[in-house]
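K.L.:
If you read the sequences in order, they're chains A and B.
When we follow the working numbering, the leftmost residue of the first sequence carries the number 213, and every step to the right adds one.
When we follow the working numbering, the leftmost residue of the second sequence carries the number 213, and every step to the right adds one.
Where a beta carbon is used, it is the ideal one built from N, C-alpha and C, also for glycine.
Following this message is one structure expressed as structure tokens.
2 protein chains.
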Amino acid sequence: MDLEARAHSEHPDELRLWLRLLTCTQLIEKQVRNSLREQFSTTLPRFDLMSQLERAPEGLKMNELSRRMMVTGGNVTGITDQLVTEGLVERVDVANDRRAWRVRLTPRGRKLFNDMAQKHEAWIVDAFAGLNAKEISQLHKLLGKVKQTTPTTEIA
Amino acid sequence: MDLEARAHSEHPDELRLWLRLLTCTQLIEKQVRNSLREQFSTTLPRFDLMSQLERAPEGLKMNELSRRMMVTGGNVTGITDQLVTEGLVERVDVANDRRAWRVRLTPRGRKLFNDMAQKHEAWIVDAFAGLNAKEISQLHKLLGKVKQTTPTTEIA
DNA sequence: TATTGTTATACTCTATAACTATA
DNA sequence: TATAGTTATAGAGTATAACAATA
């Protein structure tokens, strides 16, 4: 019932691994997207943006958000606009550079984010319930090697 | 420079694992999408559909494609239509059920797919170049456990 | 009645490129 | 000239729901 149906014995192990990696990610991601929509009427990119801000009390500049979210600048403007409209984040002036903003959570945004993050955490813990602590650690470590390997796609 | 900036020490290991899993998948996926576009003027879902058909010489029914690709039926119709227009796949009657089709690769589609698959394989082997055979096997096995755990999202 | 597949629609996310304002 | 951010645009990808034909 999934992408892995593509993989067969004569294919290199790397390909079988990739299809399994993709399947796992998509399964979890779909579940997270659905839950965010159903329970909080929001989307993954919006959650992701707020999530980046949660740990930066003074806020982050647009280009920093763009880099971290791995999307181009125009998209960050769009998502930020939505969240500003809803009073969840705000644009603040940057001293000494009138071109730039810092985007940060409003108190209301922070409160809502905390609610969402708590649920989100539970969904994710659930998703990995089949692994024990050691396996989680091993998986984390192995994926760290993959991440190092992958030629970091440059984001404009 | 990535989604993992979201993860911090007080968060459960599962969350840190999830963010890393997501980052790895996105990095590789972006590279594959770019290469498919640049080198073959095609997209990942189109490649995926052809890929499903490559191992089903008699073809697959629309709902089977939908299930395997984890997308709803209307999308499969759209992608199939595009590929039919380009002469890469064809719809064939199913005996005893005039509602259904089998979609299968045309000879030309099969040839093109083989070219693409060869390149694709190389991109993927590259992506995991930092891991040795044993690590690849471990990672595959651990992700197998994740896949089993995840409540299979029902696809309509 | 249920199922297969199609059509129509709308929305989110994305990249690209031209643009404005400031450095 | 270069940089920060915005705007405008187009296209990919998706889900939903109403629909036609057949089982």
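With a threshold of 8 Å between beta-carbons, can S278/B be considered close to chain A, or not?
P.N.:
No, its Cβ sits nowhere closer than 8 Å to a Cβ of chain A.
K.L.:
Would you kindly work out how many angstroms separate the C-alpha atoms of R311/A and A268/B, rounded to a whole number?
P.N.:
The alpha-carbon atoms of R311/A and A268/B are separated by roughly 56 Å.
K.L.:
Within the 8 Å Cβ cut-off, does K273/A reach chain B?
P.N.:
So no, K273/A is outside the interface.
K.L.:
Between K323/A and chain B, is any beta-carbon pair separated by less than 8 Å?
P.N.:
Closer than 8 Å: no.
K.L.:
Going by the CB atoms, is the gap between L354/A and Q264/B shorter than 8 Å?
P.N.:
Not in contact: Q264/B and L354/A (Cβ atoms no closer than 8 Å).
K.L.:
Threshold first: 4 residues or longer. Then list the alpha helix (DSSP H) segments lying entirely within the region 227-296 of chain B, N to C.
P.N.:
If we require 4 residues or more, the alpha helix (DSSP H) runs fully inside the region 227-296 of chain B come out as 256-266 and 274-281.
K.L.:
If you follow the alpha helix (DSSP H) that L317/B is part of, which residue opens it and which one closes it?
P.N.:
From DSSP, L317/B is part of no alpha helix (DSSP H) but of the beta strand (DSSP E) over W313 to L317.
K.L.:
Going by the CB atoms, is the gap between R320/A and L300/A shorter than 8 Å?
P.N.:
In contact: L300/A and R320/A (Cβ atoms closer than 8 Å).
K.L.:
Does DSSP put R303/A in a helix, a strand or coil?
P.N.:
Here R303/A sits in strand by DSSP.
K.L.:
So, does the CB of M282/A fall closer than 8 Å to a CB anywhere in chain B?
P.N.:
It does; some Cβ of chain B falls within 8 Å.
K.L.:
So is T254/B in contact with chain A if we call contact Cβ pairs under 8 Å?
P.N.:
Answer no: the Cβ-Cβ gap between T254/B and chain A never drops below 8 Å.
K.L.:
Is there a Cβ from chain B that is less than 8 Å from the Cβ of S247/A?
P.N.:
So no, S247/A is outside the interface.
K.L.:
Starting from H223/A, trace the alpha helix (DSSP H) in both directions and tell me its first and last residue.
P.N.:
Here H223/A belongs to no alpha helix (DSSP H), and DSSP marks it neither H nor E.
K.L.:
Given a threshold of 16 other Cβ atoms within 10 Å of its Cβ, counted over all protein chains shown, does S253/A qualify as buried or as exposed?
P.N.:
So S253/A counts as exposed.
K.L.:
Do M262/A and L215/A have their C-beta atoms within less than 8 Å of each other?
P.N.:
It is not a contact, given that the beta carbons lie outside the stated cut-off.
K.L.:
Helix, strand or coil for T362/B per DSSP?
P.N.:
T362/B: coil per DSSP, three-state reduction.
K.L.:
May I ask you to report which of helix, strand or coil DSSP gives R310/A?
P.N.:
Correct three-state label for R310/A: coil.
K.L.:
Taking Cβ-Cβ distances shorter than 7 Å, what residues in chain A pair up with L227/B?
P.N.:
Those are E333 and I336, listed as they occur along chain A.
K.L.:
What residues in the region 232-244 of chain A have a beta carbon less than 9 Å from any beta carbon of chain B?
P.N.:
Result list: R232, L233, L234, T235, C236, T237, Q238, L239, I240, E241, K242, Q243 and V244.
K.L.:
Would you say A368/A reaches chain B, if we count a Cβ-Cβ gap shorter than 8 Å as a contact?
P.N.:
Because A368/A sits at a pLDDT of 23, beneath the cut-off of 50, its placement in the model cannot be relied upon, and the point is left open.
K.L.:
What does a CB cutoff of less than 7 Å around V304/B pick up in its chain, not counting 5 residues either side in sequence?
P.N.:
Around V304/B: G271, W313, R314 and R316.
K.L.:
Compute the Euclidean distance between the alpha carbons of E302/B and M328/A, then round it to the nearest angstrom.
P.N.:
Answer to the nearest angstrom: the Cα atoms are 46 Å apart.
K.L.:
Can you tell me the Cα-Cα spacing of V337/B and K359/A, whole angstroms?
P.N.:
So the alpha carbons of these two residues sit roughly 14 Å apart.
K.L.:
Here's the rule: buried if 16 or more other CB atoms are within 10 angstroms of the residue's CB, otherwise exposed. What is E366/A?
P.N.:
Summary for E366/A: the model assigns pLDDT 34, below 50, so the residue's position carries little reliability; its value from the coordinates is reported in the next sentence. Counting Cβ neighbours within 10 Å, E366/A comes out exposed, since fewer than 16 surround it.
K.L.:
Is there at least one Cβ from chain B nearer than 8 Å to E347/A's Cβ?
P.N.:
Closer than 8 Å to some Cβ of chain B, the Cβ of E347/A qualifies, so yes.
K.L.:
Using 8 Å as the threshold, is the region 341-349 of chain B in touch with the region 224-234 of chain A, meaning 3 or more CB pairs across them?
P.N.:
Touching, yes, given that three or more Cβ pairs across the two stretches are closer than 8 Å.
K.L.:
Classify T235/B: buried if its beta carbon has 16 or more other beta carbons within 10 angstroms, exposed otherwise.
P.N.:
It counts as buried.
K.L.:
List, in order along the chain, the chain B residues whose C-beta lies closer than 8 Å to that of A341/A?
P.N.:
Chain B residues near A341/A: T361.
K.L.:
Given this structure, state the Cα-to-Cα distance separating L343/A from A307/B, to the nearest angstrom.
P.N.:
Distance between the alpha carbons of L343/A and A307/B: 45 Å.
K.L.:
In chain order, what residues of the same chain lie with their CB nearer than 8 Å to the CB of T255/B, ignoring the 5 residues before and after it?
P.N.:
So the qualifying residues of the chain are R245, L248 and R249.
K.L.:
Mind pulling the chain B residues with CB within less than 8 Å of D260/A?
P.N.:
Those within 8 Å of D260/A in chain B are L215 and R218.
K.L.:
Quick check: what's the CA-CA separation for Q238/A versus Q238/B?
P.N.:
About 11 Å.
K.L.:
So the candidates are H332/B, A341/B and Q294/B; which of them puts its Cα closest to the Cα of Q251/B?
P.N.:
The residue with the shortest Cα to Cα distance from Q251/B is H332/B.
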